[in-house]
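Asks: Here numbering that gives the first Met the number 0 is used: the first residue of the sequence shown is 0, the next is one more, and so on. Backbone N, C-alpha and C define an ideal beta-carbon position, used for all residues, glycine too. Questions regarding the structure given below will be posed in turn.
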Amino acid sequence: MTSRDKAKTKTVDYHYRPQFFAEVWKPGESSRVFPIACKGNHSDRQKAYGQLASAAVHADGVHIGAWNETPAPLFSTEISLGDPLTVHALHADGPGGWLHIPDGTPATDIGLPLENKNPTIDIVKPSKGKDPGSSEPGCQVRPDDYQWFQRALARVGAAGLTAFAGDGESTAALLTTRQGSDFFQGFAHVNLNTASLCGDRLQ
Numbered sequence: 000m001t002s003r004d005k006a007k008t009k010t011v012d013y014h015y016r017p018q019f020f021a022e023v024w025k026p027g028e029s030s031r032v033f034p035i036a037c038k039g040n041h042s043d044r045q046k047a048y049g050q051l052a053s054a055a056v057h058a059d060g061v062h063i064g065a066w067n068e069t070p071a072p073l074f075s076t077e078i079s080l081g082d083p084l085t086v087h088a089l090h091a092d093g094p095g096g097w098l099h100i101p102d103g104t105p106a107t108d109i110g111l112p113l114e115n116k117n118p119t120i121d122i123v124k125p126s127k128g129k130d131p132g133s134s135e136p137g138c139q140v141r142p143d144d145y146q147w148f149q150r151a152l153a154r155v156g157a158a159g160l161t162a163f164a165g166d167g168e169s170t171a172a173l174l175t176t177r178q179g180s181d182f183f184q185g186f187a188h189v190n191l192n193t194a195s196l197c198g199d200r201l202q
């Protein structure tokens with residue numbers, strides 16, 4: 000989800016977005032996705048409070064499901080030169096974030112190629128009483144996008160692992176052009192420590 004994209008005539012036009020997505024689930028149940036916004040400073044708690052407020056704006060750039068129902072953890076890490084490291088955390092609660100995939104969807108669908116698409120541009124705020132519905136800047140993952148979004152999370156997560164292991168070709172195959180697949184094509188190297196660690200775990 001990008002705010003600048005030469006391939007599109009309409010852009011998200013919103014420069015704030017969460018830095019991470021955490022997908023969690025129990026076997027046999029729908030998964031739930033939490034946008035996460037993180038910041039850090041070498042100052043004090045007053046700086047951290049401002050960063051948490053800013054992090055809320057970043058997390059609010061993506062709504063998963065209905066408007067204003069997506070939970071999001073927010074963090075500001077205070078790294079002091081003389082005091083212990085302090086992590087300030089807030090949790091924006093909400094009942095949303097669930098990726099309800101239709102029953103009977105083959106598990107292998109998670110490996111299907113990822114289309115070059117964005118979820119709905121703008122976040123739809125429903126009408127309330129006499130107030131008409133409106134839209135806010137950002138991205139909204141609607142039910143029609145749940146399967147695509149889950150594939151995007153899975154493929155990007157796998158790409159992070161293959162990139163860390165030094166396999167550029169496998170990383171490129173998992174990403175779209177807009178996600179930077181060209182950057183990883185044409186190189187591969189072996190991280191001996193990683194290979195040894197993986198081998199120990201597989202035995």
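#1: Under 8 Å, do K127 and E135 count as touching if we go by C-beta distance?
#2: What three-state label does DSSP hand S169 in the structure shown?
#3: Tell me where the beta strand (DSSP E) around Q139 begins and ends.
#4: Identify the residues that DSSP records as bridge partners of G39: which are they?
#5: Given a threshold of 16 other Cβ atoms within 10 Å of its Cβ, counted over all protein chains shown, does I78 qualify as buried or as exposed?
#6: With DSSP collapsed to three states, give me the class of A151.
#7: Classify G81: buried if its beta carbon has 16 or more other beta carbons within 10 angstroms, exposed otherwise.
#8: Alpha carbons only, please: which of F182, E114 and H99 is nearest the one belonging to P142?
#9: Q50: which of K116, A88, E68 and H14 sits nearest, CA to CA?
#10: Could you spell out where the beta strand (DSSP E) holding A52 opens and where it closes?
#11: According to DSSP, F20 sits in a beta bridge with which residue or residues?
#12: Tell me which residues share the same chain as L84 and place their Cβ nearer than 8 Å to its Cβ, disregarding the 5 neighbours each side in the sequence.
#13: Work out the CA separation of S169 and V155 for me, nearest whole Å.
#14: Quick check: the Cα distance between A21 and S30, rounded to an integer number of angstroms?
Replies: Put simply:
#1: As a first step, residue 127 must be located in the sequence shown, where it is residue number 128. As a first step, residue 135 must be located in the sequence shown, where it is residue number 136. Not a contact, by the Cβ cut-off of 8 Å.
#2: For the purposes of this step, residue 169 is identified with residue 170 of the sequence shown, where counting begins at 1. Three-state DSSP puts S169 in a helix.
#3: Translated into the one-based positions of the sequence shown, residue 139 becomes position 140. Per DSSP, Q139 belongs to the beta strand (DSSP E) from S133 to V140.
#4: Within the sequence shown, numbered from 1, the residue matching residue 39 stands at position 40. Answer by DSSP bridge pairing, in chain order: T76.
#5: Residue mapping note: residue 78 aligns to position 79 of the sequence shown, counting from 1. Result: exposed.
#6: The residue you call residue 151 lines up with position 152 of the sequence shown. Of the three classes helix, strand and coil, the one that applies to A151 here is helix, per DSSP.
#7: Within the sequence shown, the letter at position 82 stands for residue 81. Burial call: exposed.
#8: Within the sequence shown, residue 142 is the residue found at index 143, counting from 1. It is H99.
#9: Here residue 50 refers to the residue found at position 51 when the sequence shown is read from its first residue. Of the candidates K116, A88, E68 and H14, the one whose C-alpha sits nearest the C-alpha of Q50 is A88.
#10: The residue you call residue 52 lines up with position 53 of the sequence shown. Annotation for A52: no beta strand (DSSP E) segment contains it, though the alpha helix (DSSP H) segment containing it runs R44 to A58.
#11: Residue numbering aside, residue 20 sits at position 21 when the sequence shown is read from its first letter. F20 pairs with P34.
#12: Sequence index remark: in the sequence shown, residue 84 carries index 85 (1-based). Result list for L84: T76, E77 and I78, in chain order.
#13: Numbered from its first residue, the sequence shown carries residue 155 at position 156. Numbered from its first residue, the sequence shown carries residue 169 at position 170. Going from the Cα of V155 to the Cα of S169 covers about 12 Å.
#14: Reading the sequence shown from its first residue, position 22 is the one you call residue 21. Reading the sequence shown from its first residue, position 31 is the one you call residue 30. Roughly 10 Å between the two C-alpha positions.
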